[in-house]
Structure formats: structure tokens, C-alpha cells
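Engineer: Can you keep this structure in mind? I'll have questions shortly.
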Amino acid sequence: MKRRVVITGMGGIAPIGNTSEEIWKNARDGVCGINKITSFDTSDHKVKVAGEVKGFDPTEIMDKMQARRTARFTQFALAAAREAYDQSGLSETEPAAGETAHSVDSSSESRDRYGVCLSSGIGGLGVIEEEHYRGIEKGFDRVSPLFVPMAITNMAAGMTAIELGFHGGCTCDVTACASATNAIGDAFRQIRDGYADVMAAGGAESCISPLGIGGFTAMRALSESPDPQRASIPFDKERSGFVMGEGAAVLILEDYEHAAARGAKILGELVGYGASCDAHHMTAPLAEGTFAAKSMTAALEDAGLKPSDIGYINAHGTGTPMNDSCETKAVRLAFGEAADDLFMSSTKSMTGHLLGASGAVEALITVDALRDQVAPPTVGFKVADPACDLAIVPKKAASMSTEYAMSNSLGFGGHNASLIFRRV
């Protein structure tokens, strides 16, 4: 029998807040976290703005030595994971001092059935750049001995498992901008199908660097607008590309019976997951939206719902001309006449595009949107586009009344993923 999967903790760090509570408050209030890039000199770059995390001090969650040995994306993951874990109340069931998960008897909280599925699209890009410069200057045998473990994409997942003491499966989905949504969906299935009782799931990313910005600029994916308020404008007719963001979010997913037995506060329920692949092009989505629609219909079927049951979609909504029109077509294909009754917004208008972490931050926002029955806005939206003719929530949040909401992610390589959450 399939088990119910609930959310008992959420943690996040993003351009609009360094905690999950702050992220939601600012998303609801339409606060834009995009501004001039401060982490490097952009004099020789066409792109001048990004969604940087502000005021983050890694030594608040780790000592200075560990901070020097940990890439920024992993630092974000650890901050988000610890917040989610503490909120879940699982820290109150930790083994006593001197005990390991394996030494606790079976009647106690063993971590053998607690796992991690935490994604990153690119991993430690900043570390790769720094060490490459060092290698050119001093010789490549002189790069840091920690270069590889700091840079590899799975390290946020591995370090999170170490931090939380989770001994179950630990994996890292890498599906470009769909990574975190796939990670949450895969973790959902682990619990629902009986392989785990608890999963820390989400994503982390930090690629606001000369190479990261330069690479996406060269492929004409980024907005070159110098105005932070008009750079990330998903679904707007004047959109010209996405804005890079950074951050992380982690959700603690848990078997409902397991959560209820320990009296955990339940924040929401994950009820459906769908995934598909365009199998079409390295970077461009399929113009007709056929297989993006398939991931949405698969999530609906997985949840046993009708299209009319969904009241809100947190769209992938990157702000590139092709993505937004293709996603609109996909929603219309998947939802039919019910598409006209949906609220839809892109919170990337406030955070920028967090690449492999975007689906996790957007899942967090979607759960809170359901709880408060508020659809967050697409800030900066001014000029309607006939090719994006859904009910886009502009500028200010809108009240809604719905039990279910969907969060979509689409990634380079044709990866599509959709999650459905239920209000509790």
C-alpha cells in the first residue's frame, strides 16, 4: 500500500531571505531580491545584475576551518538542511551522546531509514574557477587537495547526510534546472513506496561567478537589462532572458504515520509527482510543450486528481522568450479548459533563477502559499503577451481558495518535472 508523504520541516536561503519564513514573507510581499552584482567586478561583462544571497555568514553554522573547506553551494545546503531539520522536531529524537544510529535499539529513532536526495545543477563552479587560476599560476599539482571534494556536485548531499546523521540512501539528482524538483519527487517515492521513513530533499546552487555569468551570457540566455526591476520579468512581452540567482532549500519529507506517531507539526502534503523528457534539443524546449504537459498530467494522475482540482501553479517561468510561451502551451495542453481558472506566477521574478536549486525554493514557497491561501506575485510584470495568456498574478499577491497547487521545473536537456502539494 502506498504511504502518505507529508512535510514536517522546511529551510531555505535565497536572494529574498536567509530563512524559510523570511523567504515566504518577502515572496508574498513582492520583494525583489535582484540587484547589481557585488561578488565580482562586472566591468567587462554585459550582464550586471543577479539575485545574490545577502548577509550570509557560514561561520554561523560551522567553524572557520570548515567554512574554508566547503564550497558556497554546500554551505547554503547545510544552512537550509539544519533549519528544516530543527523545524521538523526530529532533532529531539537524536541518539544520546556516545550512541550512533546503529547502536540505538530498534524501538528508538534509528537513522538507517532516513535518507537524503539533494540536488545541484553545477556544483562548486566558483571553486573550479579559483583552483584553475591557481593551477595556471603555480602549477596544477599545487591546487588545493580539497579541490575535488569541494567542487563535486554531490557534496551538498553528502555533507547534509553527515550533518544530520542520516544513514539511508543519499543521492544527488543532476537534471539542470529541474534538479531540485526531481530530487523532491524521487525522495517522495522513496517514502511512499516504503524504502525510507524520512528524507531531506531539495537543492543548492551558487554560480554567480565570472565563468557562470559569462557562460550563460555567451549562449544569450541571460537578460542584459541593467535595471534590477525589469531584468527578470517572466511572461512579460518585453522579457529578454533570465537572471542568475543562488541559494538552497530543503524539505523534510516524512511518512505520515511516522510523523503522527511523534506528534510532528505537518506543514503540507506532497501528493503527486510527474517527470518527462522532451528528447528534442540540448537547450531549447519543445515548442509545442507536449512533454512538459506530460509531466503535469503524470503528476495529476499520480495524485488521483482532475485538472480543475489545482488552483495555483508556481511556474518554471524563467523569463526567456521561448520558455514562457512553451510553458503556457504546456499548461493549456495539460489543463484544458481548467487552465483559465488557474492562478499562475513566477517567483523567479523576485529570486532570479537558482538553476538546480530553483525547484526547491519554489516548492517551499508553494507550500506556504497553500497554507496562507495567497498566490505570490510576478513582480515587474507590466506588458501582457498574447503568447502567455494565462492568469499571471502581477505585481501584488492575490487571495486564492484551493486545496492543491503545482510547482513546475524545466531543464536544459529537455528535463521536465512537476510536483503537487496539498494544503493540510
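Using numbering that gives the first Met the number 0, you'd call the opening residue of the sequence shown number 0 and step up by one each time. Don't be surprised by glycine CBs; every beta carbon is placed ideally from N, CA and C. As the structure is a computational prediction, the values presented were derived from the model and not from experiment.
(1) In angstroms with no decimal places, state the Cα-to-Cα distance between Ala70 and Ala150.
(2) Quick check: is the beta carbon of Ala329 nearer than 8 Å to any beta carbon in chain D?
(3) Could you name the residues that DSSP lists as bridge partners for Pro393?
(4) What are the residues that DSSP puts in a beta bridge with Ile309?
(5) Would you mind working out which of Ser205, Leu341 and Asp56 sits nearest Gly122, comparing C-alpha positions?
(6) Would you list the one or two residues that DSSP bridges to Thr170?
(7) Name the residue from Cys176, Tyr132 and Arg110 whose alpha carbon lies nearest to the alpha carbon of Phe165.
(8) CA-CA distance, Ser107 and Glu91?
(9) CA-CA distance, Gly67 and Gln74?
(10) Output needed for Thr170: all residues of its chain with C-beta closer than 6 Å, excluding positions within five of it in sequence on either side, in chain order.
(11) Can you tell me where the beta strand (DSSP E) with Tyr272 in it begins and where it stops?
(12) On the three-state DSSP scale, how would you describe Ala368?
(13) Helix, strand or coil: which one does DSSP assign to Ala258?
(14) What separation, rounded to the nearest whole angstrom, lies between the Cα atoms of Ile265 and Ile251?
(15) Give the secondary structure of Asn322 by DSSP, where H, G and I count as helix, E and B as strand, and everything else as coil.
(16) Taking only three categories from DSSP, how would you classify Val360?
(17) Could you compute how far the alpha carbon of Arg133 sits from the alpha carbon of Gly211?
(18) Hey, Ile33 and Gly54 are a contact pair by Cβ (cut 8 Å); roughly how many whole angstroms apart?
(19) Does the structure place the segment 3-14 close enough to the segment 356-367 that three or more beta carbon pairs sit under 8 Å?
(20) Starting from the C-beta of Ser307, find all residues in its chain whose C-beta is less than 6 Å away, skip the five residues before and the five after it, and write them out in chain order.
(21) Work out the CA separation of Val173 and Gly355 for me, nearest whole Å.
(22) By how many angstroms is the C-alpha of Ala314 removed from the C-alpha of Ser406?
(23) Just list the residues that DSSP pairs His414 with in beta bridges.
(24) Let me make sure I understand the geometry here. Which of Thr159, Cys31, Val48 and Glu20 has the alpha-carbon closest to that of Met61?
(25) Report the residue from Ala274, Glu130 and Ala199 whose alpha carbon sits nearest the alpha carbon of Ala248.
(26) How many angstroms separate the CA atom of Glu130 from the CA atom of Arg141?
(27) From Pro385 to Met0, what distance separates their C-alpha atoms?
(28) Which residues in the same chain have their Cβ closer than 7 Å to the Cβ of Thr99, if we skip the five residues on either side of it in sequence?
(29) Cα separation between Ala260 and Ser118?
(30) Give the single residue among Ser400, Glu402 and Ala374 whose Cα lies nearest to the Cα of Ile391.
(31) To the nearest angstrom, how far is it from the Cα of Arg343 to the Cα of Tyr84?
(32) In whole angstroms, what separates the C-alpha of Thr289 from that of Ile135?
(33) Which of the three DSSP states is assigned to Met281 in this structure?
Structural biologist: Quick answer:
(1) 7 Å
(2) Note that chain D does not occur in the displayed structure, where there is just one protein chain.
(3) Thr377
(4) Note: Ile309 is bridge-paired with Tyr403 in the DSSP secondary-structure output.
(5) Ser205
(6) Cys116
(7) When each option's Cα is compared against that of Phe165, the closest is Arg110.
(8) With a pLDDT of 40 at Ser107, under the threshold of 50, the modelled position of that residue is not reliable, and the figure given next carries that caveat. Those two C-alpha atoms are separated by around 12 Å.
(9) It should be pointed out that residue 67 corresponds to Arg in this sequence rather than to Gly. Arg67 and Gln74: Cα-Cα distance of roughly 10 Å.
(10) Cys116
(11) Gly267 to Cys276
(12) helix
(13) helix
(14) 10 Å
(15) helix
(16) helix
(17) 18 Å
(18) Not quite, the Cβ-Cβ distance comes to about 16 Å (not below 8 Å), so this is no contact.
(19) Touching, yes, given that three or more Cβ pairs across the two stretches are closer than 8 Å.
(20) Ala337
(21) 7 Å
(22) Looking at the two C-alpha atoms, the distance is approximately 6 Å.
(23) Cys276 and Gly410
(24) Thr159
(25) Ala199
(26) 9 Å
(27) 45 Å
(28) Since pLDDT at Thr99 reaches only 42, below the 50 mark, its modelled position is unreliable, and no value is offered.
(29) 29 Å
(30) Ala374
(31) For the sequence presented, residue 343 should be read as Met rather than Arg. Distance between the alpha carbons of Met343 and Tyr84 is about 30 Å.
(32) 46 Å
(33) coil
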